[in-house]
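Right, one structure below, let's go through it.
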Amino acid sequence: MSVRRFMIHSRTVRDGCASLDGDLYNHMVRVLRLGLNDTVQLADENGTVHSGNIDQITKESLRVAITSTSQAVPANSSVPRITICQALPKGDKIDLILQKGTELGASDFVLFGGCRSVAKIHEDQKKNKLERWNRITAEASRQCGRADIPGVVWCINAGEAAGATNQALRLILWEDEQEHSLKDALTENTATPESVIVAIGPEGGFDPLEIRQFSEYGYQPVSLGNRILRTETASIAILAVMQYRWGGM
Ligand code: SAM
7 MSVRRFMIHS RTVRDGCASL DGDLYNHMVR VLRLGLNDTV QLADENGTVH
57 SGNIDQITKE SLRVAITSTS QAVPANSSVP RITICQALPK GDKIDLILQK
107 GTELGASDFV LFGGCRSVAK IHEDQKKNKL ERWNRITAEA SRQCGRADIP
157 GVVWCINAGE AAGATNQALR LILWEDEQEH SLKDALTENT ATPESVIVAI
207 GPEGGFDPLE IRQFSEYGYQ PVSLGNRILR TETASIAILA VMQYRWGGM
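Here the sequence shown is numbered in this note's numbering, starting from 7 and rising by one per residue.
Rendered as structure tokens:
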């Protein structure tokens, strides 16, 4: 089983141990069934990551004996916060998009039900899906040594996703865009934007209504060239390009 990482406050760690109680204790012991000698990671607000083993458990608290401490990879301050606004793809492609997007520095994910999304999320599935998606980003953060964990939120449709936008630079990847390339969008403004959001369609692409909705909220349609990329390829490609453009790679 992969080592679970939990967010703590730095004052919790004293004399090589961390004593945990309350909600975190309940989650670790009652929900995740962690027990004596299990290895865990504790990440604090300074980006410090402590690894250790549970060496004491009572009815209300547990103690972790710290065995090693490292500094997590801080977010590169020159790179804008990058949000991936992804229409739900088929099957488990979203797992790949969340995992690779986390490794490639996405700050967070807004997932939504696209007009042409084959997969649908019913209200009663939402909580479990969100828990699962946030577990994927937490595990990917741990694996690549990030100090932060990208959050994942769900919007019912493109209109709700676009309406929640507050990023400085807004792009929508549209294979029918003839004028504006990604290169144009990332080079025409020399100043690095504070934040970026990129909307990406599902396998069936965007409906014209969705393109209009995003455009009404200031999203610029951009092309990734003449080849039609799979939705998961598009999200990986755009993150890699933006990391390179703004010095994250
Ligand atoms: N309409 C596409 C077709 O004709 O096959 C299907 C959509 S494509 C598989 C999935 C998504 O990836 C698109 O909605 C778009 O957001 C993005 N995408 C793929 N290729 C692209 C390109 N060359 N330029 C811009 N966006 C692209």
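C-beta: ideal position from N, C-alpha, C; glycine also.
If you're wondering where the values come from, they're calculated on a predicted model, not measured in any experiment.
Of D154, S113 and A93, the smallest CA-CA separation from C121 is found for A93. Straight through space, the alpha carbons of E181 and G231 are spaced by roughly 8 Å. Between I60 and L40, the CB-CB gap stays under 8 Å. DSSP places P80 outside any alpha helix (DSSP H), giving it a letter other than H or E. Here T73 has S57, G58 and N59 as same chain residues with Cβ atoms under 7 Å from its own Cβ, once five neighbours each way along the sequence are excluded. Excluding sequence positions up to five before and after I162, its CB lies within less than 8 Å of the CB of F118 and G119, all in the same chain and listed in chain order.
Runs of the alpha helix (DSSP H) lying entirely within the stretch 117-157 and spanning at least 4 residues, in chain order: 129-150.
Put simply, the backbone Cα of M248 is about 16 Å away from that of F115.
Counting along the chain, no beta strand (DSSP E) covers T108; the unbroken alpha helix (DSSP H) around it starts and ends at K99 to E109. Per the coordinates, the alpha-carbon of R10 lies some 36 Å from the alpha-carbon of G210. Taking non-hydrogen atoms of the ligand SAM into account, the C-beta of L26 is found less than 7 Å away from none of them. Between G157 and A78, the C-beta spacing is not below 8 Å.
Taking a 10 Å sphere around the C-beta of E51, we find fewer than 16 other C-beta atoms and assign the residue as exposed.
Burial of Q173 is indicated by the presence of at least 16 other C-beta atoms within 10 angstroms of its C-beta. Of the heavy atoms belonging to the ligand SAM, none sits nearer than 7 Å to the Cβ of F118. Assignment of alpha helix (DSSP H) within the stretch 210-248, counting only whole runs of 4 or more residues, yields 214-222 in chain order.
Here the alpha carbon of V70 sits roughly 11 Å from the alpha carbon of R20. According to DSSP, T54 shares a beta bridge with Q77.
D27 counts as exposed, since fewer than 16 other C-beta atoms from the protein chains shown sit within 10 angstroms of its C-beta.
The closest CA to that of S241, considering only G111, K133 and A164, is found on G111. The beta carbon of Q219 is closer than 8 Å to those of A164, G165 and A168 in its chain, skipping five residues each way along the sequence.
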